[in-house]
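Those letters in the sequence shown? Residues 933 to 1854, per this note's numbering, in order. Beta carbons are placed, not taken as given, at the ideal position from N, Cα and C, and that holds for glycine.
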Amino acid sequence: MQVRSVRRLILVACLALLVAAVGVSPRGAVASSGADEGRGRETITTVLYPGWNLVGWVGPDTPTSDLFDAIPALRQVWAWDAEKQAYQLALRDQYGDLPALTLGVGLWLRLGGNSTFEWTRAASDLGVLLDLHGGQNLLGWTGTDGAGVADTLARFGDDLEEVWHWDAEAQRYVPYPPGSDAASLATLARGQALRIELARDTRWWEPGTARPTFVFADDITAEQREEVQALFESATDVFAMRFGVHTTDYTVDVSNEHSLCAAGGGVIDLPFPLCRTAVPHEYFHILQSELMGRGFGAPDWMNEGSAEYAQFVYEQDVDPQGTFPHRHPYLAVEQLTITPGEVHDFDRRHRYLSYALGFVAAEWLVDRAGEEALVDFYRIRKSHDRWEDTFQAAFGVAVDEFYEAVESYRHERAPLNPHLRDDRTEVIVVPLSAAAAPVATTIRGQIANLTSFFAERFGADPVDYTVYVVDEETYPSTFVSLLAPTVNCNIGSDPWPKIVIFDCDVDESFHTFSPDGDHYTRFIIDGHIHSTLTDLAPPLSTRHLQRTDIAVVCRWGIYWLCDGVPDYIAAMYEVHTGAADLDHILKKKMLLAHGVTKSLSSFEGRLSAGGTSAEAESALLFLAAHQLADHAGEKALLEYFRVLPSAETIYEAFEHAFGLTLDEFYTQFESYREMHPYAPPHATDDTVGPVLAFRGALPADYPGETRAKFGAFQAFFEDRFGAERQELTVHVVTNTREVEQEIPFWSGIIRSGFARCVNAWDDITVISIDRCGHFGSIDGFYLGGVIVRNRGPWWLQMGLNAYATAAYQAHEGVIDLDTHRDTQIDRALQTSGSLRGIENSAGELGAWYGTALGFVATDWLAGHAGEHALASYYQEHLPLPEYTTDRRWIGPWRAAFEEVFGLTPDEFYERFEAYRATLTAE
């Protein structure tokens, strides 16, 4: 007994000397990873040196005896008990202090002999959550090889006082000064260990190598895939550290569709980038389900509220200055008659109640029982038949007592708006500064006119809500605790108050800019309409009408009514005030809607596009509302919303309000569309090929000269590239506004601020001279506007346009093609960016270098498959979209690429980089 005690004392003294030693060599134990096919698990190999080795245990929980069996020269194993701040010793056949090894622990291994030993060991792919203590800790790195030390340790913040790693070959410690540019260790290897000194106790998450299963749609770019994976890794890190839970046992389906974010059954449906910010929320739902297990439930306010609180935790971690926690209490306090218990079965279409009230409830519960109690509720749920019993066990309060307490708490968290403090049904307009008073008076007059018009024309009852009028200087001090620090000029929709920042500096492209010259009149009109409809069919009153056949982004059952009716009412008010002309509006809407080929019935769930294409779809929905008003009278439009709360189905409400079934109206409306076709110039001439139409103040000889040039390079492209002549109309305009009422989509593009030099749709192309910069620009945009048409990868769009334009200019004797090619190659070699990185846009590479790289790639493809293949790819293999949006349409281009060029995009990228390397070498 005395011998053993003396031996231990000597060993501790030796280790103390090692801790005090400071070396300069960066070398340490060398590790490599591989797969043990025979055992079906991953292994890593670590080179151990005679003497002391500091390693991390990354395998499953294992008896210490197995370690001695695996390493014949092993004499001693030491582990550090951070809580007791003392070492634990294991000797061969003497494991009393250290009977087993656990994931993430740091170990001192002392080897005898004079030679190194290659130690191949099993490696778990699991992450581990470690409870660390103030003072010394030994960490074994379970994450991936190559993890940056600085980034990995950054989460410790100021709590990290010292870091050391061990040079096993030199038998010395090497210091790593946290945050120093002269750091001695850049990356971590799996199975490596560190000795760290902490100022206080903390929790530490090491991610492991396991990842969720990601299923990406073809049109999700490489950059987006990396971003999605990084978001989930970040959420996993934050929640593991804060809540002590983590999992990778789930699947993420990532698409580019316009659908809802959802998590269930171990699967997250993630439309991206639409649901980028919802990643932490949906991941927390996965944790809830995994902790509860199947067959156990919880109220919706609890599920959504705790997920929203988790989202808040995440956002505060990545952005400590954010204002997330201030928003939900405001929403919750607006619904005076609703408590968390009343939204037990609340559906997603009325999300702000379940989410907002749930967040406030979670906030109260955390304040009472701590953050981990939210997780404990789900962890112990399977131990109780009733969720109410689980609730009391987790939070230490009965449900009824909680409901009473949280009802008072939510009113402490956010003040009531003025319209909720009286018993009158009227809009309250509140100026928040002396400068705002005149504008508030104007807005009161506008609302009075709106109220009178809506009552007389549509049979609407008065409504009440609050409008705050504020100047830019006053806004931050008044509302920054409620909303984000930077906002639009007008904010708010039910149940939020409406906020007008009257002195915002906006131009005419602002989406609520009105003919009166201000930016808030249309905002007030739209807000009053929405409040009117909400008052007729409040959120809770229509939850029984939730559809199960499709997801509807509208709580009133039929999306095209939710969109079309408010738009129609707003337009009629503008006609009433003389701000607009009805014939002008109908012509504009008709022209916009001609670009939509889908039927009205396809818009029961939501719009199918974004940007300027959404403008066209909304025009179609406006026309549907106009036809309903024409058929059944304008008051019938509001009657639909009025009867929804008492109707058994949306179809019953529709037939009651309009006197015909929904299917009957669809038939009627499609007949109406057929009676008003749009015929662009190319559809009414006798020639095959594009038709040029000129608008604006052009020089007298410009149209004739341009037609001649256009014909010349059509013939050239037909001969050189095999490009077939396309049936379409090309509008050449000097100013974007000159064709606002004549070309489908155009007014929406101008108002959205997305007009470019070349704008292409199904059979319409607009070349805007004011956007291109000079009259001669049409020469360089034939291929882009007529053949490429914003399809396929960005680098090929730009590269082919540049390549074909150069070929034509060389044909005309303007440039030498070989010299031009050398110039493009030189430019492309000035960047290390890849084609894969510019599939969707020029990105950080920029248009100048991105186009040059695209030119070189197009030149390679022309040499590989011939120039005819370039035009064939676009004209014969890539389908035209029904219309393009304000963003470049990428679409399913990969299969067509392989079919035409005989290479998958990935194979091409690999071969192109090899070719590019030869250019660099030369």
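Residue interval of the alpha helix (DSSP H) (run including residue i)
| i | result |
| --- | --- |
| Ser1187 | Looking at the DSSP string, Ser1187 is not in any alpha helix (DSSP H); the run it does join, the beta strand (DSSP E), is Thr1183 to Ser1187. |
| Lys1530 | Lys1530 -> no alpha helix (DSSP H), and no H or E assigned at all. |
| Asp1754 | Leu1749 to Ala1760 |
| Asn1381 | Ala1369 to Phe1390 |
| Tyr1105 | Not the alpha helix (DSSP H): Tyr1105 falls in the beta strand (DSSP E), residues Arg1104 to Pro1107. |
| Asn1069 | Not the alpha helix (DSSP H): Asn1069 falls in the beta strand (DSSP E), residues Gly1067 to Gly1072. |
| Arg1605 | Leu1594 to Glu1606 |
| Tyr1500 | Tyr1491 to Thr1509 |
| Ala1149 | Segment: none, Ala1149 is in no alpha helix (DSSP H) and carries neither H nor E. |
Buried versus exposed, by CB contacts within 10 Å (16 or more), residue i
| i | result |
| --- | --- |
| His897 | No answer is possible for residue 897: it lies beyond the span of the chain, which begins at 933 and ends at 1854. |
| Gln1124 | buried |
| His1558 | buried |
| Arg1042 | buried |
| His1178 | buried |
| Ala1687 | Low local confidence applies: a pLDDT of 41 at Ala1687 is under 50, so the model's placement there is unreliable, with the coordinate-based value given in what follows. Classification of Ala1687: buried, given that the 10 Å Cβ count is 16 or more. |
| Glu1158 | exposed |
| Asn1046 | exposed |
| Asp1791 | buried |
| Arg1574 | buried |
| His1663 | buried |
| Val935 | Caution applies to Val935, whose pLDDT of 31 falls short of 50 and renders its modelled position unreliable; the value that the coordinates give is listed next. The residue in question, Val935, is exposed, as its Cβ has fewer than 16 Cβ neighbours within 10 Å. |
| Gly1080 | exposed |
| Lys1016 | exposed |
| His1443 | Legend: pLDDT at His1443 = 43, less than 50; position of this residue unreliable, value from coordinates given subsequently. It counts as exposed. |
| Val954 | A caution first: Val954 carries a pLDDT of 29, below 50, which makes its placement in the model too unreliable to give a value. |
| Ile1681 | Note on Ile1681: pLDDT 39, under 50, position unreliable in the model; no value is reported. |
| Pro1144 | buried |
| Arg1487 | buried |
| Leu1793 | buried |
| Asp1317 | exposed |
| His1476 | exposed |
| Pro958 | Residue placement at Pro958 cannot be trusted, given a pLDDT of 28 that sits under 50; the coordinates are not used to answer. |
Short Cβ contact (8 Å threshold) for residue i with residue j
| i | j | result |
| --- | --- | --- |
| Trp1319 | Arg1313 | yes |
| Gln1248 | Pro1212 | no |
| Trp1073 | Trp1040 | no |
| Thr1141 | Thr1076 | yes |
| Ser1286 | Asp1251 | no |
| Leu1555 | Lys1530 | no |
| Phe1590 | Leu1553 | no |
| Tyr1246 | Ile1218 | no |
| Val1788 | Ala1827 | no |
| Val1401 | Val1432 | yes |
| Tyr1500 | Phe1535 | no |
| Ser1463 | Tyr1397 | yes |
| Phe1390 | Leu1592 | no |
| Ala1469 | Leu1576 | yes |
Contact belief for residue i with residue j at Cβ below 8 Å, rounded distance in angstroms
| i | j | result |
| --- | --- | --- |
| Trp989 | Thr1034 | 7 Å |
| Ser1187 | Pro1203 | 6 Å |
| Phe1175 | Glu1295 | Not really, about 15 Å apart at Cβ, beyond 8 Å. |
| Ala925 | Gly1066 | Since the first residue shown for the chain is 933 and the last is 1854, residue 925 is missing from the structure and cannot be characterised. |
| Gly1237 | Phe1291 | 5 Å |
| Glu1189 | Ile1200 | Actually they do not touch by this definition, with Cβ atoms about 14 Å apart. |
| Gly1786 | Ala1734 | 7 Å |
| Arg1300 | Phe1327 | 6 Å |
| Val1832 | Ala1801 | 5 Å |
| Leu1071 | Gly1036 | 7 Å |
Residue i: CB within 7 Å of a non-hydrogen atom of the ligand GDP
| i | result |
| --- | --- |
| Tyr1105 | The model on display carries no ligand, and the ligand GDP is accordingly not part of it. |
Boundaries (first-last residue) of the beta strand (DSSP E) holding residue i
| i | result |
| --- | --- |
| Pro1635 | From DSSP, Pro1635 is part of no beta strand (DSSP E) but of the alpha helix (DSSP H) over Tyr1634 to Phe1653. |
| His1097 | Leu1092 to Asp1099 |
| Val1432 | Lys1430 to Ile1433 |
| Asn1733 | Counting along the chain, Asn1733 falls outside any beta strand (DSSP E), though it belongs to the alpha helix (DSSP H) covering Trp1726 to His1743. |
| Leu1041 | Gly1038 to Leu1043 |
- request: Spell out a yes or no on whether the segment 1728–1745 and the segment 1770–1789 are touching, meaning 3 or more CB-CB pairs, one atom from each, closer than 8 Å.
  value: The segment 1728–1745 is in contact with the segment 1770–1789.
- request: Answer yes if the segment 1060–1074 comes into contact with the segment 1147–1164, meaning at least three C-beta pairs across the two stretches below 8 Å, and no otherwise.
  value: no
- request: Please determine if the segment 1337–1354 and the segment 1371–1390 are in contact, where contact requires at least 3 C-beta pairs separated by less than 8 Å.
  value: no
- request: Check whether the segment 1513–1522 touches the segment 1454–1461, taking contact to mean three or more Cβ pairs, one atom from each stretch, closer than 8 Å.
  value: no
field: the segment 1633–1652 / the segment 1598–1605 touching (three or more Cβ pairs under 8 Å)
entry: As far as the Cβ criterion goes, the segment 1633–1652 does not touch the segment 1598–1605, which means the pair count is below three.
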